[in-house]
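The numbering used here numbers the first residue of the sequence shown as 1 and each following residue consecutively. Backbone N, C-alpha and C define an ideal beta-carbon position, used for all residues, glycine too. Since this is a predicted model, take the numbers as computed values, not measurements.
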Amino acid sequence: TRLPGKPLADIHGRPMIAWMVELAKRANAGPVLVAACEEEVAEAVLKAGGNVTLTDPDLPSGSDRVHAALEAFDPAGRYDVAVNLQGDMPTMRAEDVARAVAALRDGADIATLVSPSTDPADRDNPNVVKAVRAVDGRCLYFTRAAAPHGDGAIERHVGIYVYNRDALARFVAAPPSPLEQREKLEQLRALEMGMIIRADSISDFPKGVDSPPDLEAARAVLGKSYGDGLRTSERAGTRSA
1 TRLPGKPLAD IHGRPMIAWM VELAKRANAG PVLVAACEEE VAEAVLKAGG NVTLTDPDLP
61 SGSDRVHAAL EAFDPAGRYD VAVNLQGDMP TMRAEDVARA VAALRDGADI ATLVSPSTDP
121 ADRDNPNVVK AVRAVDGRCL YFTRAAAPHG DGAIERHVGI YVYNRDALAR FVAAPPSPLE
181 QREKLEQLRA LEMGMIIRAD SISDFPKGVD SPPDLEAARA VLGKSYGDGL RTSERAGTRS
241 A
């Protein structure tokens, strides 16, 4: 409601979902599959070279949508890991996606990313989800409250999940948990189920695009990298000529 038609929002001549398809391809994690609810978005994905599955818009969560899309795309179960990359984070770096995939280790059911912040505004903002981790990277809790208590940086949760496929199936089959309903954070269901979530830390926080100002900020960031890429190509072309 804050940004109608968000997946198709124009960023330097391409819809945002096309930027996300390109980002996912550069991560080299496997086939890129977009779970879409609208035909227009599906067309944009196919044009960008991605695979697409139309999913029920009434599914209750992103994890349910990922599971439905994966079952339709791969009913034979060839792939045993699913990377849930949000469709509205075009400033995320491909190497950070790969970093999240690498964090799915040491018996973890789910992996994700966090990014530190010492900004008091982030600590006190309930829209900034904080992760509380053990020293080995295991996630102990996620909350909208200021946590952990005391001095030092908080760790902001980055909206990416890497699932073992069987863990994803168990997760979507379970009902919403009490803490999940209270905090409005679905990853708490996994913790209440006894699943292990492991997180790696990245320095640059990729803010999602949820409003017109967010879109302008993404255009500014991507405009710089897009321009730098063009200049690099031009220089390379001059040398090769």
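Closest residue to residue i among the options (Cα-Cα distance)
i      : options                          : result
Thr112 : Asn84, Asn127 and Met89          : Asn84
Val221 : Glu186, Arg2 and Ile11           : Ile11
Glu180 : Val41, Ser61, Arg26 and Asn28    : Ser61
Val21  : Ile110, Met89, Ala174 and Pro213 : Met89
Gly150 : Leu168, Pro120 and Ala102        : Pro120
Leu70  : Ala94, Val34 and Ala24           : Val34
Ala243 : Glu43, Ala24, Arg93 and Tyr79    : The requested residue 243 is not part of the displayed model; the chain covers only 1 to 241.
Leu168 : Lys184, Ile196, Glu38 and Lys224 : Ile196
Leu140 : Glu43, Ala190 and Glu40          : Ala190
Under 8 Å between C-beta atoms of residue i and residue j
i      : j      : result
Arg105 : Arg198 : yes
Val132 : Ala153 : no
Asp204 : Ser117 : no
Ala72  : Leu59  : no
Ala27  : Ala82  : no
Arg144 : Val129 : yes
Gln86  : Ile202 : no
Val172 : Asp64  : yes
Helix, strand or coil at residue i according to DSSP, with G and I counted as helix
i      : result
Gln86  : coil
Ser211 : coil
Ser203 : coil
Asp166 : helix
Gly223 : helix
Met16  : helix
Glu39  : helix
Asp124 : helix
Ala153 : coil
Ala241 : Note on Ala241: pLDDT 32, under 50, position unreliable in the model; the coordinate value appears next. Here Ala241 sits in coil by DSSP.
Lys130 : strand
Pro178 : helix
Leu188 : helix
Glu234 : Any reading at Glu234 needs caution, since the residue's pLDDT is 43, under 50, leaving its predicted position unreliable; the model's value is listed next. Looking at Glu234 - three-state DSSP - the assignment turns out to be helix.
Ser61  : coil
Gly229 : With a pLDDT of 49 at Gly229, under the threshold of 50, the modelled position of that residue is not reliable, and no figure is offered here.
Val81  : strand
Val114 : strand
Leu8   : helix
Assumed close pair residue i, residue j - CB separation to whole angstroms, cut-off 8 Å
i      : j      : result
Gly107 : Asp200 : At roughly 15 Å, the Cβ-Cβ gap does not stay under 8 Å, so Gly107 and Asp200 are not in contact.
Ala36  : Leu23  : At roughly 16 Å, the Cβ-Cβ gap does not stay under 8 Å, so Ala36 and Leu23 are not in contact.
Below-8 Å beta-carbon distance, residue i vs any chain C residue
i     : result
Pro90 : In the structure shown, chain C does not exist; there is a single protein chain.
Problem - Contact between the segment 2-12 and the segment 206-215 (3+ Cβ pairs under 8 Å) - result: The segment 2-12 vs the segment 206-215: in contact.
Practice task
Specify whether the segment 15-33 and the segment 47-55 touch according to this definition: at least 3 beta carbon pairs, one from each stretch, less than 8 Å apart.
Solution key: Yes: the two stretches touch, three or more of their Cβ pairs being nearer than 8 Å.
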